[in-house]
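Contents: one structure, followed by commentary.
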Amino acid sequence: MPHLDVADEQAYLDHAYRCLEAMRATAARLAAIDDSAAQEVDSAAARWHLERRRDSLDPNVDGLSFGRLDDEDGATWYVGRRHVEDERGEPMVVDWRAEVSTPFYRATAADPLGLHRRRRFLMTGRRLDDLFDEVFDDPDSVDAAHHGGIPDPLLAELERSRTGEMRDIVATIAAEQDQVIRAPLDTCLVVQGGPGTGKTAVGLHRAAFLLYEHRQKLDREGVLVIGPNPLFLRYIAQVLPSLGETAVRQATLGQLLAGTAYRIRAADDAATARLKGDIRLAEVLARGVRSTRGPAAVTEAQPVELATRWGRIRLPAEDLAAAVTAIEARGVAHNVGRLALRTQLTRLVRQRLAARRGDELASAAELDTDLRADRAWQRTLDRLWPPLSAPALVRRLLGNPTALRAAAAGILDRTEQALLHRRPTRRLDDEPWTDADLVLLDEAQWLIAGPPPGSGHVVVDEAQDHSGMALRALARRCPSGSMTVLGDLAQATGPAAQSSWDDVLAQLEGPAATHRVDLDLGYRVPAPIMEVANRLLRTAAPGVVPCRSVRPDGQPPTVVATGDDEALLAELTAAAHRLAAGWSSLGIIVPAALAPSLPDLPGTIVPAEQAKGLEFDAVLVAEPGLVALDPDDDAARGLRLLYVALTRAVQELVIVHHRPLPAELEIPAAA
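Heads up, the sequence shown is in numbering that gives the first Met the number 0, so the first residue is 0 and it goes up one at a time.
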């Protein structure tokens, strides 16, 4: 039977929704105001902010408020997804990110943080189904609102069917998660978390919290979220908008680095991709840039005679060499240095002309025009400090063994150099770029043109799979070092994946302080499934603490062995139809090689390499032995990929195979 106060609380929430609708209407009217043309730029900026505010006040939000706090001094606060005011400006609902909301997530019977009562709402859409009270001076009341330490609303959320999109967790944030979410902006925070610990949701909610706390700064500088693949980005796409945050850029690393500049036409094998991600390539590229100027240019410097309308001027070789050496010592980007050299040599010409004429030149612009028209001037600049582009540099190093040998001497051995070599195409535009080339191109672009546009905060999910070179590229997008780095070393499956968070932080080195948090309490995967998956960790990731589940109940995995490929396909089809009929979402996780041959099955077919971060009510895993078969014969990495596949299920896991299971599973087959 619902709580006696449900009707009164429902009336309050209905009024809060009406107030939110009124706030949106006011914001819409203000956004529609057309300012005078004299203030056109300022007016456009103002309208942009007003339109964003209007969009953030969307009243079509489920569970506007999810709880109430009653202080010991008698004050009452309703906590929710939006800040809502009534017509007098009095708060109807306070934003979950406001400081006054903190006790909602952190108060305990031992430390109530000044609360008399915490009331949790269990809602469906706008309807309040029930509520649960914790009266902090009544221990029995606190215990009654929990089952095994888990609040009833969280239990209800964990049992709710999945819809194919990640939902926000503001109503059920645990205390240890809240501490991560409210970490300061000037922190590079690493969150190690096993499957279902909520690390992705925590990272997104930290972004939302920082936008609330530092609105002006982050509106100006931006927030960037990096996910492992487009499927994952679609899965998380609605989390931040559901919290009223719509101006966050979400991308994969490939989308971020390639943009529209590079077409991916080829693929590298795992060994080549791993080498291209090795941080030693940063120095190889830097040498490749320096080889075009610096000592070589100084050694080859020759005196030059230049024609101007005021007569010919001779620049001695030692002056040219000194200019190159001085600019090289500044450590600036290559193209910045070329511009500086042009400026310096122009100054030298001007000084010599002034000394000859006894006064300043009539026009610096005229001198610049004369020099630009002089072929000797252009040849001198190109010889001392040639123009470069990132594609041309990387193409030269990969396609010219002599150039690579010079740049990689003492860094890469001959076998590694041979692994990088490929025959260049006739035209640069036709170069067969690969995904693994993107980090090389980005490093080269930084060396040549300087840093790319940065963001005020960057969230990196599945960070354990990024190579050292990829982490350098991400660090360049966040000059402040303010980052949220999310991952699980037990799920490190990329060709150049990380095995240590210390190594990750070394590549993300920046001005921000660093801090690491471990989340090992899982909320998503039932204990019977988690216990089976954890058996893989002895081999897959022996240094990682296995994840514990707060859900002790649930079905253990079902294993079905078949006789051959034909029987396997028949069993997959039957299992898929059964699971799809019983659950709202079904993931069919298969070895990548098997995916193209599958018929049209109910559910979402996901190659194992793309399953990371996803969750489904039911999961059907086909041929786990093949999922765990690493192309480089890396048994641990193959088992880590299987660990990912086995931990996507929220309710039911079924395994179908006819090839041998990995010995680590040790699951008795179904009769």
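Ideal placement from N, C-alpha and C gives every residue a C-beta, glycine not left out.
If you're wondering where the values come from, they're calculated on a predicted model, not measured in any experiment.
Just so you know, the alpha carbons of Leu660 and Leu625 end up roughly 9 Å apart. For the pair of segments examined, the segment 548 to 555 was found not to touch the segment 509 to 516: the number of CB pairs separated by less than 8 Å stays below three. For Gln444, the enclosing alpha helix (DSSP H) starts and ends at 436 to 448. In the three-state DSSP reduction, Pro606 falls in the strand class (E or B). Approximately 33 Å separates the beta-carbon atoms of Leu210 and Ala443; this is outside 8 Å, ruling out the contact.
For Glu84, the pairing in a beta bridge is given by DSSP as Pro90.
Around the C-beta of His656, 16 or more other C-beta atoms lie within 10 Å, and the residue is accordingly described as buried. Residue Leu396 holds the alpha-carbon nearest to the alpha-carbon of Gln416 among Leu396, Leu427, Pro423.
Contact between Val484 and Asp519 is absent: CB atoms are separated by about 17 Å, not below the 8 Å threshold.
For Leu114, the enclosing beta strand (DSSP E) stretches over residues 114 to 123. The C-alpha of Gly455 lies about 46 Å from the C-alpha of Pro598.
The segment 490 to 507 makes contact with the segment 460 to 470: 3 or more CB pairs, one atom from each, lie closer than 8 Å. By the neighbour-count criterion, in which 16 or more other beta carbons inside 10 Å mark a residue as buried, Asn59 falls on the exposed side. Residue pairing by DSSP puts Asp69 in a beta bridge opposite Thr75, Arg116. Taking Pro423 as the centre and dropping the five residues before and after it, the same chain places the C-beta of Arg394, Gly398 closer than 6 Å to its C-beta, in chain order. Within the segment 264 to 330, the runs of alpha helix (DSSP H) that reach at least 4 residues and sit entirely inside it are, in chain order, 269 to 275, 279 to 289, 294 to 298, 316 to 328.
Secondary structure at Leu184: coil, using DSSP grouped into helix, strand and coil. Between the alpha carbons of Glu614 and Leu232 lies a distance of about 13 Å.
In this structure His204 is buried. Its beta-carbon is surrounded by 16 or more other beta-carbon atoms within 10 angstroms.
Arg647 sits buried, since 16 or more C-beta atoms from the chains shown fall within 10 Å of its C-beta. Rounded to the nearest whole angstrom, the C-alpha separation of Glu84 and Asp69 is 18 Å. In this chain, the beta strand (DSSP E) harbouring Val459 covers 456 to 459. C-alpha of Ala364 to C-alpha of Gln377: approximately 17 Å in a straight line.
Cβ atoms of Asn228 and Thr196 stay farther apart than 8 Å, at about 20 Å.
In the structure shown, Ile587 adopts extended strand secondary structure according to DSSP, grouped into three states. Arg67 and Gly521 have their alpha carbons spaced roughly 26 Å apart. Measuring C-alpha to C-alpha distances from Gln215 to each of Val348, Ala246, Leu392, Ile263 identifies Ala246 as the nearest. Contact between Ile225 and Val458 holds: their C-beta atoms lie close to 7 Å from each other, under 8 Å.
For the options Leu338, Pro525, Arg118, the alpha carbon positioned closest to that of Ala617 is the one of Pro525. Around the beta-carbon of Gln301, fewer than 16 other beta-carbon atoms lie within 10 Å, marking it exposed.
Shown here, Ala250 sits in a strand according to DSSP, grouped into three states. Shown here, Met529 sits in a helix according to DSSP, grouped into three states.
Taking C-beta atoms as the reference points, Glu327 and Arg313 fail to come closer than 7 Å. Annotation for Met482: the continuous beta strand (DSSP E) segment containing it runs 482 to 486.
Bounds of the beta strand (DSSP E) holding Val516 are 512 to 518.
Taking all protein chains shown into account, Arg374 has fewer than 16 neighbouring C-beta atoms within 10 Å of its C-beta and is therefore exposed.
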